[in-house]
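Add 157 to the 1-based position in the sequence shown for the numbering used here, that's all there is to it.
Note that beta-carbon positions come from the ideal geometry of N, C-alpha and C, so glycine has one too.
Worksheet: the structure to be examined is printed underneath.
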Amino acid sequence: MKHLGLKTLLMALLLTFVFVACEETTTPNDPKPKPNAPKNLVASSIDSSSIKLKWTASDSTASTLFSGYVIEITPGSWQPVSITGNQTTAVITGLDEGTVYTFNIFAKYSNGEESASSASVSWSPATRFIKNINDDFIKVYEYASLLGSGLDLYDPANGKPRTLTVATSGDWNLGLDTRTDGEIWFGSPTEIGYSWTGGTPPDVFVSNQFYPADAIEDVYDSEALDAIKHSYSLQLAELVSVDLQGKSGLVMVVRLKEGNSSNFTYAKVFIKKSALGWLQGFIPNRYIEAEVSYQRVPGVPYAF
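Dropping the structure here:
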């Protein structure tokens, strides 16, 4: 009996050794390690054919194998775009306004391996305007001016924004109200309450999302402009009371139905603040200056 107990103990120890040895040798080292994917991919429309992408670097950049990123673009027959080194921005050109592209960015190693997953964003380019139909900077004038307190974001006849007076109020997309001292209101013209002599302006809806910025291209996003975070309403923004968080301007997002379209057209408007304040120039023709990113294809909710 003593010998049987000893044999049983030895057999148990042998089996334990076999199982442990199997566990330690059945997971071999990966001969070709893969990098981790980048994160937080966001986009901004530069113009009607270009989009700028920005992302958070892969946490594999410290590896000696790290060599950069690869961007894959759909739809279309695009070749992968290679980004060398630790760069975390890229401008993609040759795009079509109104087409929604999906960008997938992978990290890559010099051993030929790419990250198993990618960061992704969908976006479309949009037309950018810094000048109006008169080839002047886009200006909207104070109430006392005869030069016009309304803005048409896009005049199809001329292909640019135009400043409007109340004589053409039926075409106003945005309006400026400076009638109250110390206050500057800008937004949906139907909320201003002017005496319209050129027809009632259309309903133009302003998002509740406002973006302090130094330039229109500083605003990136990963969600379309019809995402749930955007709550649109007929409203005015009182510029003087806006907290710019140290920035020199404000971007607002608007949407409207142009012509007979049943779909919304989307735009973003950058309002510049000078060293002297929101209003530039001299009484009675002080003005605010703006830049516009306008999606010319209705139903495509991307404009920055």
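{"Item": "Supposed contact pair lysine 211 and valine 199 - C-beta distance, whole angstroms, cut 8 angstroms", "Value": "5 angstroms"}
{"Item": "Distance, lysine 386 Cα to aspartate 328 Cα", "Value": "28 angstroms"}
{"Item": "Nearest candidate by alpha-carbon position, reference alanine 314, set Asn289, Ser326 and Asn442", "Value": "Asn289"}
{"Item": "Where aspartate 309 falls: helix, strand or coil (DSSP)", "Value": "strand"}
{"Item": "Inter-residue CB distance, valine 526 and tryptophan 435 (contact presumed, cutoff 8 angstroms)", "Value": "As displayed, the chain neither begins before 158 nor continues past 461, which places residue 526 out of reach and without an answer."}
{"Item": "Among Val454, Asn243, Pro282 and Asn268, nearest to phenylalanine 260 - alpha-carbon criterion", "Value": "Pro282"}
{"Item": "Buried versus exposed, by CB contacts within 10 Å (16 or more), phenylalanine 427", "Value": "buried"}
{"Item": "Buried versus exposed, by CB contacts within 10 Å (16 or more), aspartate 216", "Value": "exposed"}
{"Item": "Environment of threonine 285 [buried if 16+ CB atoms lie within 10 Å]", "Value": "Threonine is not the amino acid found at residue 285; the sequence shown has arginine there. Buried, since its Cβ has 16 or more Cβ neighbours within 10 Å."}
{"Item": "Contact belief for lysine 196 with alanine 324 at Cβ below 8 angstroms, rounded distance in angstroms", "Value": "Going by Cβ atoms, the distance from lysine 196 to alanine 324 rounds to 52 angstroms, so no, they are not a contact pair."}
{"Item": "One or two residues paired with arginine 412 in a DSSP bridge", "Value": "Phe362 and Tyr423"}
{"Item": "Cα-Cα separation, glycine 269 to leucine 222", "Value": "9 angstroms"}
{"Item": "Helix, strand or coil at aspartate 204 [DSSP, three-state]", "Value": "strand"}
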